[in-house]
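> Here it is, the structure, as structure tokens.
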Amino acid sequence: MEKAPWLAQDILARGHEISAHSYRWEGHSLMEETHERAIIQKTVDVIEAACGQRPLGWHTKGSPSPNTRRLLAEAGFVYDSDAFDDDLPRIQRVGERDLVIVPYAFDTNDMRFQGGLQGKFLIADHFAQVCIDAFDTLWEEGETQPAMMSIGVHPRFSGRPSRIRG
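Those letters in the sequence shown? Residues 1 to 166, per the UniProt record's numbering, in order.
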């Protein structure tokens, strides 16, 4: 956003929310608290400068540290999507604030094109079928209980020509 603030403005003009995903591709899981606090603030500052508004949500690159959620609450975030432990959002008291915890699924995530996660997508049809099966299951479960589905899509994976085609 620092190099292309016009892009942030275009995203907002199209009605999308810009949430935070950290400043650089640094893993947070082992960060010292003071460094992590500074990175969170720098991320907020960059987004605010480009967009004219603070981000409401956060998704940590990799895994969060033991301090991440508290630091996000202190920084005024409304939600984070660092939960891999549930299928439904929840509200969690963090210090003096309530933080909405939005689940993020790895089974319906195109990162599996790169491998490293359990099972690997080779072609777009594999990813599509996993998403369809997950949706069908959650739709059925939704008849008797709440359900939510998240799909992680990244331009560097799904934005490739062969994956767009199918």
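Yeah, the Cβ is synthetic: ideal placement off N, Cα and C, and Gly gets one too.
Tell me whether W25 sits in a helix, a strand or coil according to DSSP, three-state version.
coil
> So, using beta-carbon positions, are S65 and M31 closer together than 8 Å?
Their beta carbons are under 8 Å apart, which means S65 touches M31 by this criterion.
> When the Cα atoms are used, what is the spatial distance from P161 to Y104?
26 Å
> Alpha carbon to alpha carbon, how far is R165 from A147?
30 Å
> Just checking, does the region 77-87 make contact with the region 46-60 on the three C-beta pairs under 8 Å criterion?
yes
> Residue range of the alpha helix (DSSP H) that D10 falls in?
For D10, the uninterrupted alpha helix (DSSP H) segment begins and ends at 5-13.
> Classify V130 as helix, strand or coil using the three-state DSSP reduction.
helix
> Work out the CA separation of V130 and V100 for me, nearest whole Å.
27 Å
> How is R93 classed by DSSP in three states: helix, strand or coil?
strand
> Please say whether E2 and V46 have beta carbons closer to each other than 8 Å?
yes
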